[in-house]
Structures are given as structure tokens and as C-alpha cells.
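Residues -23 to -1, 1 to 291 (mature numbering (1 follows the signal peptide of the UniProt record, and there is no 0)) are what the sequence shown spells out, left to right.
One structure below.
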Amino acid sequence: MRRSMVAAHLAAALVCLSTTAYAADAAKPAAPKPAKTGPIAADVLAASSPADWRSPDPENLLYMDLAQGRVIIELAPAFAPAHVDNIRKLVREGWFDGLAVDRVQDNYVTQWGDADNTRTPKTAQTKLAPEFVVRGAAVAKLPFTPLPDRDTYAPEAGYSDSFPTARDARGQQAWLIHCYGMVGVGRDMALDSGSGAELYAVIGQAPRHLDRNITVVGRVLRGMDILSSLPRGTAALGFYDKPEQRVPITKVRLAADLAPDQREKLTVLRTDTPTWAAYVEARRNRREDFFPVPAGHVDVCNIPLPVRMADASK
């Protein structure tokens, strides 16, 4: 009987404490929401000047042509110099011409390369040491514009020359982030088994668990509507069951190898300007009429990079 009475008294006390704590929490004033003042993202871009935009280096632009249209990829040699150099060699020897997209896994990746392992590179390497992170003194040399908000996976997150980047300044490390549209190097279990001969683009929510485990070499500037809408593979991991289901690649070229009048006149919003800061703020606190409650926070993968034709710049 005594134990039952003690238990009953303890239960009553716990209920009282819980009720009191709840009442105390309810009595606290709600955190103020960010004021809905300031421009929306579209207004920031409309007010930008030509100096706010940059033209990617033609040596870093890949044009991948499919029957569905052209995919344009900007490479990031500052983060993966050996892999980028190898990809250039592969492209220039025609490695990707006539190969295919062989994997489309829903909410994950679209992947392309030599699915049947029938080709051997002529000038490019077949294996490379991983370039998962930039280390040491090179980290301080990378341009970096941090976001004002905390990142879950890294001490800092921001942008480096328009690429979503994580940084650990104390540990002297920086790496590219697996946001939507980022392009990585396929590999097997061995860390040095990737070369750039097999690539993938993220077509779903950001798989940040891949960061620092796979070499990331760039991002798609145009053509994500193509890569993200291809038929899903029904075999394991989204691979196509049959060769005839694959999506053929007509050809892949470097912009630098085309005559200037054959190059796409794309420009990318710079990430080291006051205009970029205003654009980030407009994404942190959405002020369009649809959003009654501004978030007051933004994730590095929730800031779409503005890309437009050069003749649209003021």
C-alpha cells in the first residue's frame, strides 16, 4: 500500500510540474518574426548591374547534348584540379560521345558513362587519388562568402565562385556540397577508383551524407529540367534494366573548343557582391505575397543560383 501511495503522490507531482512548465512556456512571448520589408528576389535581380554577373571560363564549360536537349555543366578546378583536367582529356578524346545515361534514381541522381565497360581512355587516367576536400593553406586562398545561418554538416557554409561550399577554417578544410544540380564522380568502393569517366548529377533533395566521400567536380548551369525528368530506372539503385532504355549521349564538348559564335552566352550571378547578399536575404525572408511568415533562415542548398543569357544583362 505504501509503495502505491508513494507512486500516486509522485505521479501527481510530475503532472503538476509538467503543467507548470507548460504554462510557463506558454506564457513566454513568441519569438518575433522577421519583418516583411525589403525587396523580393526578383526585384534584386532586376536591379542588378552587369558587374554583378560573370561569364564562366570556356575551359570549364561542358556541353552535353542529348536528344532531349543540351545540358551545360560548369567545372570547378579549384576544388578538384586533377579530376577536372582528366574530364577535359576525356571530352577532347570523345569519350562520352555515343555513351548514355544509364541510371536515374528518383530523388537522388542521374548518372552517365560507359555502362558496359567497353571503352579504354586514350589519353586520360583510369584512376585518380580522391579530391574530396581542399586542405591546408589552399583553403584560405579560396574565395568564400559565408551564409549568415548555421549549417548542420559543417562549421560554415556559403559560396565559392558560385559553387555551394562548406568550410572548416580551423581544420583547414573546404569542400563542395551535394546540392541539387551538383555533379560528382562515380566510383567503386576503392577511394581511387573514380576518374571522371562516369559522372552523376543530383536530381533530388541534397544528399549531404555524400559530402567528403565523393569527388565533386562542378554543377549544372542549364538542363536540370532534362536530367530530372528522364524516365526512372526500375532496377536496383535506379539503373535501367535493358540497354534500349538508356538515354543516348550525342556528344560532349568543351566550350573552349568551339568557335566563339557557337558558345552559349550564359552569365552567372557572382556570389561576392552586395547584390548577392541582398539576394540571399530575399531568400532567407521570403516577402512574396504567398509567404505570410518569413523563415528568417536559409539552407545553402535552398538558394538557386541565377543563370541567364548574357544579352539579358543590363
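We put the CB at the ideal spot given by N, CA and C, even for glycine.
K118 and V193 have their C-alpha atoms spaced approximately 19 Å apart.
In this structure V257 touches I280 by the C-beta definition: roughly 6 Å separates them, less than 8 Å.
For P58, no beta strand (DSSP E) segment is defined; the enclosing uninterrupted segment is the alpha helix (DSSP H) at 58 to 69. By the Cβ neighbour-count rule, L198 is buried, with 16 or more other Cβ atoms within 10 Å of its own.
F216 and T14 have their alpha carbons spaced roughly 47 Å apart. For T252, the enclosing alpha helix (DSSP H) stretches over residues 251 to 261. Cα atoms of P208 and Q82: separation of roughly 9 Å, rounded to the nearest angstrom. Between the C-alpha atoms of L124 and R96 there is a straight-line separation of about 43 Å. Around the beta carbon of S172, 16 or more other beta carbons lie within 10 angstroms, which makes this residue buried.
Within the segment 207 to 287, complete beta strand (DSSP E) segments of at least 3 residues are found at 224 to 231, 243 to 246, 284 to 286, given in chain order. The C-alpha of G71 lies about 29 Å from the C-alpha of V110. Cβ atoms of I203 and Q45 come within 8 Å of each other, at about 5 Å.
Residue environment for M286: exposed (fewer than 16 other C-beta atoms within 10 angstroms of its C-beta). Measuring C-alpha to C-alpha distances from G113 to each of R147, I49, K99, P141 identifies R147 as the nearest. Rounded to the nearest whole angstrom, the C-alpha separation of L168 and R47 is 31 Å. At the C-beta level, P58 and A174 stay beyond 8 Å of one another.
By the Cβ criterion, the segment 24 to 40 is in contact with the segment 225 to 241, since at least three pairs of Cβ atoms, one from each stretch, lie closer than 8 Å. With fewer than 16 other Cβ atoms from the protein chains shown falling within 10 Å of its own Cβ, R127 counts as exposed. Under the three-state reduction of DSSP output, P141 falls in the strand class. Straight across, the Cα-Cα distance linking T103 with H60 is about 11 Å. Cα atoms of P271 and D249: separation of roughly 24 Å, rounded to the nearest angstrom. The beta carbon of L214 is closer than 8 Å to those of R80, Q82 in its chain, skipping five residues each way along the sequence.
C-alpha of A92 to C-alpha of Q222: approximately 12 Å in a straight line.
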